[in-house]
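Below is one structure, written out as structure tokens; the observations come after it.
Numbering (this note's numbering), first residue to last: 771 to 1200.
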């Protein structure tokens, strides 16, 4: 198992990152564009949106590789901005300073409230630099219907969204106080995310750390996520997702789903989560589906994971219902099959450490547990497991003892051997 200190060291390394050496050495033979040369003030007060749009247009139209510099020791106020492709060459966005959002949600009047910083259709993009993106989400959270049920429910922006971006690298970046989700990847192919720190308070609503939707060949590694919702959420029609060496907490854990809401057909497959530490989270590793949907979750492996005072450390919930009113029973559901849990240890904040609440109409099949040991965070409590419509096999030490029916492990051996061999993203990026 990965040592807990490794991820803390990674976080420390990230925080200590400073701007790289002299630009003249780093950017030889590159076109270098400084946002201040395009009118950005960098005082955190004046609106720098137009300067960012202008420098982006220049980089995107360049026939040779461009680097956009966001200088250190400055704070750049950005209104909602759309940074679109397609571009003629590779672009690297070097964020050394801070980018801040307007604190007043009314600024979004007339704009799409789903978005703040929005990259669309940009291939071969790198975003890095060790700087900070601050979503200033406090007013958005305060007006959320989840904080104050008397308020109408409304969308809030994702701090930074990458839509239809292929061969994408995001690294050495901090995002704080995102209005809702911190970072989202939608309809992307070949994505590498590393050494990012994502921080929002534990009570901030719907603030998923990294959200992956309809994307494939996605790698997320060596990052620290503290948030008010899922640290990582993998949803509709995503595949070949590799998550490694993540520290998560507080938050709602690492989740696949929710899937199947409002009768949708969703598919998630070939997912590996390896070497994670989850601390004081509301869930550990979770699969959640709504009744009435269709599709499947299959070929998933959770491996080498340490739980520290985690509620619901291992959970499959095929009766997920994030609603103020009860959800009706349905006669169809999302299939869950070939799910492996290997070398998962630690302490549970709930008596029930393992919960497989599977569907009557789409039972969980092909579950596999090996060397799972989850004891209570409290001295006088014995952990238990719950199983409903779940079948699978076990190997090694399993605690608490499992309650599901055993079946053949033939196809489970396939998923256990296949998932660790997901091809490293850097080897397939063009």
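Positions of the beta carbon are idealized from the N, C-alpha and C atoms, including for glycine.
Inter-residue spacing [alpha-carbon to alpha-carbon] between residue i and residue j
i, j, result
"residue 838", "residue 1058", "40 angstroms"
"residue 1142", "residue 997", "26 angstroms"
"residue 1066", "residue 1038", "6 angstroms"
"residue 882", "residue 951", "15 angstroms"
"residue 1003", "residue 962", "16 angstroms"
"residue 1112", "residue 1014", "14 angstroms"
"residue 1052", "residue 1138", "23 angstroms"
"residue 1092", "residue 914", "15 angstroms"
"residue 814", "residue 806", "13 angstroms"
"residue 1063", "residue 949", "29 angstroms"
"residue 1099", "residue 944", "42 angstroms"
"residue 877", "residue 801", "34 angstroms"
"residue 994", "residue 976", "18 angstroms"
"residue 796", "residue 884", "Below a pLDDT of 50, predicted positions are generally treated as unreliable, and residue 796, at 42, falls in that range; the measurement from the model is reported next regardless. Taking the straight line joining both Cα atoms gives about 36 angstroms."
"residue 857", "residue 886", "21 angstroms"
"residue 1171", "residue 1152", "11 angstroms"
"residue 920", "residue 1094", "12 angstroms"
"residue 935", "residue 891", "5 angstroms"
"residue 1077", "residue 1042", "17 angstroms"
"residue 1178", "residue 1129", "Unreliable positioning characterises residue 1178 in this predicted model, as indicated by a pLDDT of 49, which lies under 50. A coordinate reading is not provided."
"residue 1081", "residue 875", "33 angstroms"
When the options are compared against residue i, the one with the closest alpha-carbon
i, options, result
"residue 1169", "1136, 1121, 1055, 1004", "1121"
"residue 1173", "958, 1020, 1156", "1156"
"residue 831", "846, 840, 803, 937", "803"
"residue 841", "857, 825, 829, 812", "812"
"residue 889", "964, 822, 1021", "822"
"residue 754", "1077, 1140, 1154", "The structure shown does not extend to residue 754, since the chain spans only 771 to 1200, so no value can be given for it."
"residue 989", "939, 1056, 945", "939"
"residue 855", "828, 875, 847, 809", "828"
"residue 1090", "901, 1127, 1046, 847", "1127"
"residue 1097", "875, 1116, 1061", "1061"
"residue 1154", "1077, 1129, 920, 1125", "1125"
"residue 1048", "1007, 1116, 1094, 859", "1116"
"residue 1007", "907, 985, 1042, 1046", "985"
Pair within 7 angstroms by beta-carbon distance, residue i and residue j
i, j, result
"residue 903", "residue 929", "yes"
"residue 866", "residue 899", "yes"
"residue 1083", "residue 1118", "yes"
"residue 897", "residue 863", "yes"
"residue 954", "residue 987", "no"
"residue 1131", "residue 1030", "no"
"residue 1147", "residue 1079", "yes"
"residue 947", "residue 931", "no"
"residue 1107", "residue 1133", "no"
"residue 1075", "residue 1114", "yes"
"residue 844", "residue 870", "no"
"residue 909", "residue 873", "yes"
"residue 933", "residue 957", "yes"
"residue 1054", "residue 1023", "yes"
"residue 1009", "residue 959", "no"
"residue 895", "residue 851", "no"
Proximity test, residue i beta-carbon vs the ligand PLP heavy atom, cut-off 6 angstroms
i, result
"residue 891", "The ligand content of the structure shown is nil, which means the ligand PLP is not present either."
Cβ distance (whole Å) where residue i is taken to contact residue j below 8 angstroms
i, j, result
"residue 849", "residue 817", "6 angstroms"
"residue 1123", "residue 1144", "4 angstroms"
"residue 1025", "residue 1000", "4 angstroms"
"residue 1019", "residue 1050", "5 angstroms"
"residue 972", "residue 1005", "No, residue 972 and residue 1005 are not in contact; Cβ-Cβ is about 22 angstroms, not under 8 angstroms."
"residue 941", "residue 967", "Between residue 967 and residue 941 the Cβ distance is about 11 angstroms, and since that is not below 8 angstroms, they are no contact."
Where residue i falls, given that 16 or more other Cβ within 10 Å makes a residue buried
i, result
"residue 1072", "buried"
"residue 794", "Reliability of the predicted coordinates at residue 794 is poor, the pLDDT of 33 falling under 50, and the value obtained from them is presented with this limitation in mind. Burial call: exposed."
"residue 1044", "buried"
"residue 924", "exposed"
"residue 1012", "buried"
"residue 826", "buried"
"residue 912", "exposed"
"residue 1035", "exposed"
"residue 1149", "exposed"
"residue 1087", "buried"
"residue 1101", "exposed"
"residue 1176", "exposed"
"residue 922", "exposed"
"residue 820", "exposed"
"residue 1202", "Here the chain covers residues 771 to 1200 and nothing more, so residue 1202 does not appear."
"residue 1162", "buried"
"residue 791", "At residue 791 the pLDDT is 35, less than 50, meaning the model places this residue with poor confidence; the figure from the coordinates comes in the next sentence. It is exposed - the Cβ of residue 791 has fewer than 16 other Cβ atoms within 10 Å."
"residue 937", "buried"
"residue 809", "exposed"
"residue 991", "buried"
"residue 880", "exposed"
Proximity test, Cβ basis, 7 angstroms: residue i and chain D
i, result
"residue 1026", "Going by chain labels, chain D is absent from the structure shown, which holds only one protein chain."
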